[in-house]
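As structure tokens, the structure follows; a few thoughts come after it.
In our numbering, the protein residues as written are 1442 to 1841.
Have a look at this one:
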């Protein structure tokens, strides 16, 4: 998708968000901000094994952490037009570091629940600012693809190294990752693109004749897909353990499957260039519902291999298509800072729904059925959007 063809995007010579410094620090901040999201399977296991939290409590704590990210992202979307991006990032670093530091010595469930919400809120401020910087570049689809490509390496690193650490050292690692941002704050442009060039009229912020409700439908679909992702990713390792699979095998699967993200990024781009964004997205959601739902019959060494490898690949497919679809509709990336908020909201709902299902004694089979249903609900939304534009605006329905 050549977003540089869209006139409202700024030329790279005057757009500070196109500099390699801005792109580099923004990519790093997304990795730091999303650290809990991509590492939640091993973090959830650590909460159970090292802090003796129950499976239900793990869902609540994970939901609080990732829900805080959502609230932080929404707060960023409200502040970013009037407050310096650097100030938002500094505030996020302070909150995240203090909250993670408090978790080192405070380990009771009720306190950790609120501390993880605050830590997530700080992460949300950082992540949403970083994503808005990527969305403000002249080629946001390329920037988002690079972000998801980098996730493959960060996810693999977390899956490999975090299980070797104590709970305290996991929190210290998060603190260090946030503090690394500080020396490079000058790389973050202090002003948005509308401030460094001629202001863009509000009516021109969306692609011509695209109703605003379409953007909100896309954001709602992101929420729903992350209900699936949040519940699946929080409980996959614990579900495998409950079915007596080999722990070392599961750990290896989680680590090596992370590199499926690389395949996902590559093929998502190739397919979108040929078939557009929405059609491959519809097929991907059907496939994801199938590979998640297959675990409702029980988790074995073979089924978890197939499911987790496929899930990682398809997860990236979905994110590339969802983010790029919004970028196609939204000329200057005004809604980009809301994408982490939508993801975080889904991450609140998903683990908490799964925790409630487990609390009712329905087991992990019901959790995976719920995950599959969420994927199919998102499919319905995107099918509606595709059909709406297929005849009226085919250039958007088949956009790449």
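By construction, the Cβ of each residue, glycine as well, lies at the ideal position given by its N, Cα and C atoms.
Burial state of residue i (16 or more Cβ within 10 Å)
{"i": "residue 1835", "result": "exposed"}
{"i": "residue 1605", "result": "exposed"}
{"i": "residue 1687", "result": "exposed"}
{"i": "residue 1535", "result": "exposed"}
{"i": "residue 1654", "result": "exposed"}
{"i": "residue 1551", "result": "exposed"}
{"i": "residue 1509", "result": "buried"}
{"i": "residue 1644", "result": "Confidence at residue 1644 is low in this model, with a pLDDT of 39, below 50, so its placement is unreliable and the value that follows should be read with caution. So residue 1644 ends up on the exposed side."}
{"i": "residue 1833", "result": "exposed"}
{"i": "residue 1636", "result": "Only weak support is given to the placement of residue 1636: the predicted model assigns it a pLDDT of 46, under 50, and the question is left unresolved by the model."}
{"i": "residue 1455", "result": "exposed"}
{"i": "residue 1802", "result": "exposed"}
{"i": "residue 1620", "result": "exposed"}
{"i": "residue 1785", "result": "buried"}
{"i": "residue 1557", "result": "buried"}
{"i": "residue 1390", "result": "Missing from the structure shown is residue 1390; the chain here goes from 1442 to 1841 and no further."}
When the options are compared against residue i, the one with the closest alpha-carbon
{"i": "residue 1539", "options": "1553, 1527, 1833 and 1680", "result": "1553"}
{"i": "residue 1580", "options": "1689, 1464 and 1625", "result": "1464"}
{"i": "residue 1752", "options": "1670, 1693, 1797 and 1803", "result": "1670"}
{"i": "residue 1717", "options": "1621, 1611 and 1831", "result": "1831"}
{"i": "residue 1665", "options": "1691, 1566, 1756 and 1621", "result": "1756"}
{"i": "residue 1497", "options": "1528, 1555, 1797 and 1487", "result": "1797"}
{"i": "residue 1680", "options": "1744, 1472 and 1586", "result": "1744"}
{"i": "residue 1544", "options": "1478, 1700, 1608 and 1471", "result": "1608"}
{"i": "residue 1720", "options": "1826, 1612 and 1460", "result": "1826"}
{"i": "residue 1762", "options": "1723, 1795, 1749 and 1742", "result": "1723"}
{"i": "residue 1661", "options": "1474, 1487, 1821 and 1460", "result": "1821"}
{"i": "residue 1804", "options": "1576, 1672 and 1492", "result": "1672"}
{"i": "residue 1677", "options": "1626, 1475, 1600 and 1622", "result": "1600"}
{"i": "residue 1547", "options": "1478, 1488 and 1597", "result": "1488"}
CB contact flag (residue i, residue j, <8 angstroms)
{"i": "residue 1780", "j": "residue 1663", "result": "yes"}
{"i": "residue 1695", "j": "residue 1457", "result": "no"}
{"i": "residue 1740", "j": "residue 1816", "result": "no"}
{"i": "residue 1532", "j": "residue 1566", "result": "yes"}
{"i": "residue 1668", "j": "residue 1527", "result": "no"}
{"i": "residue 1537", "j": "residue 1563", "result": "yes"}
{"i": "residue 1591", "j": "residue 1491", "result": "no"}
{"i": "residue 1701", "j": "residue 1754", "result": "yes"}
{"i": "residue 1845", "j": "residue 1530", "result": "No information on residue 1845 is available, as it lies outside the stretch 1442 to 1841 that the chain covers here."}
Residue-chain proximity (residue i, chain B), Cβ-Cβ < 8 angstroms
{"i": "residue 1752", "result": "The structure shown contains no chain B; it is built from a single protein chain."}
Problem set entry | Touching by the beta-carbon criterion (3+ pairs, under 8 angstroms), the segment 1501-1516 and the segment 1786-1802 | At 8 angstroms Cβ cutoff, the stretches touch.
Exercise. Quick check: the segment 1515-1522 against the segment 1712-1719, are there 3 or more CB pairs under 8 angstroms?
Worked result: Taking 8 angstroms as the limit for Cβ pairs, the verdict is that the segment 1712-1719 does not touch the segment 1515-1522.
Exercise. Is it true that the segment 1560-1572 meets the segment 1461-1475, where meeting means three or more beta-carbon pairs spaced less than 8 angstroms apart?
Worked result: yes
Exercise. Are at least three pairs of beta-carbons, each pair with one atom in the segment 1727-1741 and one in the segment 1611-1625, less than 8 angstroms apart?
Worked result: no
Exercise. What are the start and end residues of each continuous beta strand (DSSP E) run of 3 or more residues lying completely inside the segment 1729-1775, in chain order?
Worked result: none
Problem set entry | Ranges of the alpha helix (DSSP H) found wholly within the segment 1653-1718, counting only runs of at least 4 | 1653-1683, 1688-1698 and 1701-1716
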